[in-house]
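Peer 1: Per the UniProt record's numbering, the very first residue in the sequence shown carries number 1; after that it's consecutive. The C-beta atom is built at its ideal place from N, Cα and C for all residues, glycine as well.
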Amino acid sequence: MIQFMFRNIHRETMTIDLSKLFQKLCNKIAILLVFVLVELIILIWRLTSDTRPITTRQYIKFIEEKNPTIRYNKKLKSHVECSVCLSEFEEGEKVRSLKCKHTFHKDCLDKWLQDYLATCPLCRNKVLPDHVVSKHRDQLRNQQGNDFEGNHDNLPYVLFLLRDANTSHLRGHV
Numbered sequence: 001m002i003q004f005m006f007r008n009i010h011r012e013t014m015t016i017d018l019s020k021l022f023q024k025l026c027n028k029i030a031i032l033l034v035f036v037l038v039e040l041i042i043l044i045w046r047l048t049s050d051t052r053p054i055t056t057r058q059y060i061k062f063i064e065e066k067n068p069t070i071r072y073n074k075k076l077k078s079h080v081e082c083s084v085c086l087s088e089f090e091e092g093e094k095v096r097s098l099k100c101k102h103t104f105h106k107d108c109l110d111k112w113l114q115d116y117l118a119t120c121p122l123c124r125n126k127v128l129p130d131h132v133v134s135k136h137r138d139q140l141r142n143q144q145g146n147d148f149e150g151n152h153d154n155l156p157y158v159l160f161l162l163r164d165a166n167t168s169h170l171r172g173h174v
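Rendered as structure tokens:
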């Protein structure tokens, strides 16, 4: 009888120990599953979100879709020269006409839109949506490693931003 009681007590202790062990194991598995689920959600969000930078090739393609290239002909009498390079248009040259009705050499405008702001060089109307421009700028920053020391290529862009910031209060009065 004493042995039987001892066995029962021992079995109960073993059962309690096993249930505690099982509970701890379940808790650890649950925590692990939560971490895996969170990582999976983050991965899916990164893959489906539209925050990836745009390459220069994609950027140029977007410019082409919004403002197709045309061949210059004499019928475009209102436009005789490119305001970026200040050269006269010649018959058959590739040009782009923006929605604001300003026309430029294709290469001049593409370079302007890549290097500066995505605005018309004359009237400053937006040529591309802000999100496209910022994604392209992100790509350029990634390529340059955010190191602008000694690089004066961006100076016109910075000066334009400063001028634009200083004159933005005047636009409402025009």
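#1: Cutting at 7 Å between CB atoms, please list the residues of its own chain near residue 109, excluding the five before and the five after it.
#2: Taking only three categories from DSSP, how would you classify residue 104?
#3: Are residue 67 and residue 98 closer than 8 Å when you measure CB to CB?
#4: What separation, rounded to the nearest whole angstrom, lies between the Cα atoms of residue 53 and residue 119?
#5: Hey, residue 79 and residue 93 are a contact pair by Cβ (cut 8 Å); roughly how many whole angstroms apart?
#6: In this structure, does DSSP put residue 55 in helix, strand or coil?
#7: Is the beta carbon of residue 136 closer than 8 Å to that of residue 122?
#8: Please state whether the Cβ-Cβ distance between residue 140 and residue 128 is less than 8 Å.
#9: Relative to the alpha-carbon of residue 70, which residue among 20, 90, 36, 23 has its alpha-carbon at the smallest distance?
#10: Keeping to the same chain, check which residues put their C-beta closer than 6 Å to that of residue 100; ignore five residues upstream and five downstream.
#11: Run the CB neighbour count on residue 133, radius 10 Å, all protein chains shown included, and call it buried at 16 or more, exposed below.
#12: Roughly how many angstroms separate the alpha carbons of residue 27 and residue 56, rounded to a whole number?
#13: Quick one: residues in its chain with C-beta nearer than 6 Å to the C-beta of residue 38, no 5 flanking neighbours on either side, listed in chain order?
#14: Express the C-alpha separation of residue 20 and residue 35 in angstroms, rounding to a whole number.
#15: Pick from 29, 59, 81, 74: whose alpha carbon is nearest that of residue 111?
Peer 2: Looking at the coordinates:
#1: 84, 96
#2: strand
#3: yes
#4: 20 Å
#5: Between residue 93 and residue 79 the Cβ distance is about 11 Å, and since that is not below 8 Å, they are no contact.
#6: coil
#7: no
#8: no
#9: 90
#10: 120, 123, 125
#11: buried
#12: 50 Å
#13: none
#14: 23 Å
#15: 59
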